Amino acid sequence: MNLTWRIVRKDQARLAWPLAGWITFAVGTTAWFGMARPPGYASTADIYLSWIGRLQGFGLGGGVLLQATVGVLLAAELVIEDPPSGTTAFWLARPISERRMLAAKAIGAGLLFAVGPALVLSPVWLAFGFGWPETLLAALEFVAWQLVITGPALALGVATGSRGWFALAAVGLWLLVVATVVTGKETEAGRSGWVDLRDLAVVGTLVLGAVLTLIRGYLGRCRAWAILVATLVVMIAVRLAWRRGEASAVAESRVGSAALVVSGQGRLEGGGDRLLEEALVRESAVAGTARRSTESRGRVLWEVPLREGEGVQAGSACARIVHLGWSEDRKQRRLVLYERDARLAFDYGVHRNTGTAEGRWRDQVKVDQFLLVNRSRGYAKSLTVHEVGAARMNSVMATARILEFAPAVPIGAEFARWDEGATLVKVRWTGGQGGAQAHPAAGRAGAGEGTP
Amino acid sequence: MNIIETEKLTRRYGRTEAVHELDLAVPAGSVFALLGPNGAGKTTTLKVLMNLLAPTSGAARVLGVDSRRLGERERAQIGYVAEGQEMPLWMTVRQLLNYCRPFYPTWDQGLEAALLERFELPEKRKLGHLSRGMLMKAALLSSLAYRPKLLVLDEPFSGLDALVRDEFIKGVLEVSSHGEWTVLVSSHDIDEVDRLADRVAMIDAGRLRLQETTEALQGRFRRVEVTGAAVEVGAVPGWLEVEKAGALIRFVETRYAGEATERAWQERLGGGTFAAQPMTLREIFMVLARASRAEAKERSA
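Right under this line is the structure:
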């Protein structure tokens with residue numbers, strides 16, 4: 002066996018039990034997260050708000066904080082086991098070159114904290130209906146996430162060289178991150194799930210600095226503090242110096258969503274036969290007085306009969322109507338929809354907060370729309386969406402929404418049977434060029450081929 | 008041929024000079040003891056030789072290679088056991104040996120088994136559960152089993168009880184007698200080194216005080232007692248710790264060369280009765296250490 006792999010195997014044996022526990026925890030929490038279902042008995046939004054809140058807490062606490070904290074400690078242990086600096090480390094007196102040790106630590110970190118766990122998580126993702134591309138993307142996202150988590154931990158391990166100093170420095174760094182997050186202003190892009198390019202640049206600097214620290218530390222057999230400090234300085238400078246085009250981004254986002262809802266509803270009510278076959282072209286205000294014409298295409302993600310308890314699984318998309326009732330004033334029909342889907346951090350796209358308005362507009366990737374379609378009665382409505390909340394863990398996303406609409410028939414004899422044969426349809430509008438294909442259900446909806 | 012050579016080797020920690028222009032030569036096949044009191048610079052010297060520290064100035068060659076360029080090939084021929092050296096305490100003795108073995112092309116499994124038996128090391132016990140003595144023996148075993156050309160021991164006897172020390176020394180002696188091994192041992196424990204070393208160097212405050220064979224060193228040092236001297240004695244070159252108690256004069260001769268030296272004593276003291284006793288390495292070390300300290304005090308005054 003190659004000597005480098007010998008060191009990797011040694012590290013694997015050293016961390017076997019805690020690593021197994023950590024991976025089991027990651028897999029177990031992801032599986033539990035994906036299988037959790039909201040209560041189906043309540044008609045008030047508070048119940049679902051509370052439920053999704055618990056799920057968010059679980060996703061943040063278990064999926065992010067605990068998983069990341071344990072990952073950080075294990076990654077640090079990987080380095081502190083064979084620290085590059087000092088004069089007493091076991092490996093320094095053995096025939097192990099600096100390059101070999103660096104390679105062993107890099108391979109070990111990659112296998113033990115990224116590739117290995119991603120492989121173990123893959124069956125869970127596949128069980129939730131992820132296709133192979135989605136599973137691959139989820140695995141890549143997990144690997145990238147681990148790079149962000151374990152990279153700095155490895156670098157801090159190099160710079161400190163001991164468990165005590167590492168703990169102290171990690172707490173300090175953590176407080177710095179928390180302070181940055183708390184004092185930072187959340188943007189519209191951040192709230193809508195987009196990845197902010199400036200934050201991406203800051204994180205990228207961190208990862209690059211961590212990699213350089215690791216390389217310099219092992220090859221130079223030093224703590225490489227200077228690189229770590231320089232990395233922090235650059236990160237802070239990027240954050241302070243990079244000014245957002247925030248106002249424009251907010252305006253674009255709102256204008257874009259509103260235009261889609263109105264246009265979609267209007268077309269479907271007017272017959273709808275060309276709804277999903279033709280691109281939707283709309284002209285919108287972007288920044289200031291400028292107007293921009295953009296093109297979107299819609300596709301049906303799923304269609305489900307409008308009944309309480311009905312659900313559908315289409316690929317990774319799993320949707321269930323957990324409650325069907327009325328609003329308090331009994332004028333609006335209200336349904337509570339639970340969805341679980343593959344949702345990557347980059348799913349919405351990268352929000353470029355500098356550059357031209359045109360460039361920013363192209364970043365607006367997706368808008369989802371829910372339609373109530375009754376082919377036998379010949380009507381369709383766009384539903385009002387109240388987002389209860391969403392929680393995410395390892396690329397599995399759970400969402401609870403309350404959808405409301407006014408019945409299409411007047412209160413009277415027909416009222417009781419107004420929704421017979423109606424279906425709930427989810428349409429995703431994708432901006433920009435390409436990437437959208439019509440779902441088979443789209444043709445049926447447009448042509449009025451009867452109830453599903 | 009020298010396995011280790013240093014030339015004006017200097018190492019500073021900030022303003023403190025731990026090693027000052029050290030010129031050492033360790034011949035191949037010798038058991039070389041580096042002696043000195045605590046803080047003399049022994050450990051720093053060995054760490055520079057092992058490329059664990061970079062020299063501030065000067066140079067060192069180990070196995071014919073600049074110490075700063077010691078690579079995997081050279082390290083595979085060097086065994087290094089040091090007090091305070093970290094060990095993978097989570098491993099069992101067996102796991103340690105299995106881990107180390109592939110790194111050394113010359114690993115001798117027969118010798119490994121023999122040493123394992125000799126040191127009575129429990130194979131299945133974790134290193135973290137071993138006593139300090141056992142741990143040092145495990146470190147020694149993992150540094151002997153590949154028959155290194157050079158074995159470097161830095162304060163290996165610290166904290167070991169007499170029995171373990173004895174086993175340790177016997178182990179080193181036994182193995183070193185098997186081949187052309189060179190052993191460099193640093194210690195302030197002179198009695199143990201006395202049994203091991205055939206060459207000795209003494210450093211104090213980072214400066215080399217002497218470097219020669221043990222035989223030559225012990226040959227030129229004598230503790231002398233003189234009774235009935237006719238003249239007063241002052242400072243004599245080569246004499247240390249000169250004391251006068253009534254009619255008795257005591258001193259340490261550092262240049263003893265048999266009858267010629269004894270004739271020189273007669274001439275200087277105008278007769279008397281001389282009793283010259285050979286000295287142990289420990290006694291020599293103590294005399295030199297005290298002299299060095301007094302010299303330093305004088306310099307600072």
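Here the protein sequences line up with chains A and B, keeping their order.
Residues in the first sequence are numbered consecutively from 2, following the working numbering.
Residues in the second sequence are numbered consecutively from 8, following the working numbering.
Just so you know, even glycine gets a beta-carbon here, dropped at the ideal spot from N, CA and C.
These figures come from a predicted structure and were not determined experimentally.
- Contact annotation: B:P163 and B:V192 have beta-carbon atoms nearer than 8 Å.
- Counting every other CB atom within 10 Å of its CB across the protein chains shown gives A:W23 a total of 16 or more, marking it as buried.
- Apart from the 5 residues on each side of it in sequence, A:Q68 sits with its Cβ closer than 8 Å to the Cβ of W23, F26, A27, T30 in its chain, given in chain order.
- Taken in chain order, the complete alpha helix (DSSP H) segments of 4 residues or longer contained in the segment 61-93 of chain B are 79-82.
- Pairwise C-beta distances place the segment 134-142 of chain A out of contact with the segment 161-171 of chain A, as fewer than three of them are shorter than 8 Å.
- Following the DSSP letters along the chain, one finds A:W327 inside the beta strand (DSSP E) bounded by residues 318-327.
- If you draw a 10 Å sphere on the C-beta of B:M8, you find fewer than 16 other C-beta atoms in it, and that means exposed.
- Taking C-alpha positions only, B:G226 is separated from B:E174 by approximately 29 Å.
- The segment 233-251 of chain B and the segment 51-63 of chain B do not touch, with fewer than 3 CB-CB distances between them shorter than 8 Å.
- Its Cα nearest to that of A:S86, the residue A:L220 stands out among A:M236, A:L220, A:A391.
- Closest option to A:V305, judged by alpha-carbon separation, among A:A392, A:V428, A:D200: A:V428.
- Per the coordinates, the alpha-carbon of B:R214 lies some 55 Å from the alpha-carbon of A:L241.
- Proximity to A:G111 across A:T151, A:A37, A:E82 peaks at A:T151, based on C-alpha coordinates.
- Taking B:G48 as reference, the option from B:T23, B:V33, B:A32 with the minimal CA-CA separation is B:T23.
- Taking the C-beta atoms as reference points, A:G299 is found nearer than 8 Å to A:W430.
- Rounded to whole angstroms, the separation of the alpha carbons of A:D47 and A:Y339 is 15 Å.
- A:I216 is bridged by DSSP to nothing; it lacks a bridge partner.
- Here A:N395 is buried. Its C-beta has 16 or more other C-beta atoms within 10 Å.
- For B:H136, the three-state secondary structure derived from DSSP is helix.
- Separation of the CB atoms of B:A152 and B:W114 is rounded to 6 Å, and the pair is thereby assigned contact status at 8 Å.
- Pairing A:A171 with A:L157 gives a Cβ-Cβ distance under 8 Å.
- At a cut-off of 8 Å, the C-beta of B:E93 has a neighbouring C-beta in chain A.
- If you ignore the 5 residues before and after B:L137, its C-beta comes within less than 7 Å of the C-beta of A145, all in its own chain and listed in chain order.
- Straight-line spacing of the CA atoms in A:A145 and A:A115 works out to 8 Å.
- For B:K54, a Cβ of chain A is located within less than 8 Å of the residue's own Cβ.
- The shortest CA-to-CA distance from A:I81 to any of B:P95, B:Y87, B:G91 is the one to B:P95.
- Using a CB distance below 8 Å, the part of the segment 69-101 of chain A facing chain B consists of E82, T88, T89, A90, F91, L93, A94, R95, P96, I97, S98, R101, ordered along the chain.
- A:G109 and B:V207 have their C-alpha atoms some 45 Å from each other.
- Every beta strand (DSSP E) of 3 residues or more that sits fully in the segment 167-252 of chain B is shown, in chain order, as 189-194, 206-211, 214-220, 229-234, 246-252.
- Distance from the CA of A:R308 to the CA of A:L384, rounded to the nearest whole angstrom, comes to 16 Å.
- Counting C-beta atoms within 10 angstroms of its own C-beta, A:S377 has fewer than 16 neighbours from the protein chains shown and is therefore classed as exposed.
- Burial check for B:S184: the Cβ neighbour count within 10 Å stays below 16, so the residue is exposed.
- At a cut-off of 8 Å, the C-beta of B:R82 has a neighbouring C-beta in chain A.
- At a Cβ-Cβ threshold of 8 Å, B:G46 and B:I210 do not count as neighbours.
- In this structure, B:T268 lies away from B:F228, with their beta-carbon atoms at least 8 Å apart.
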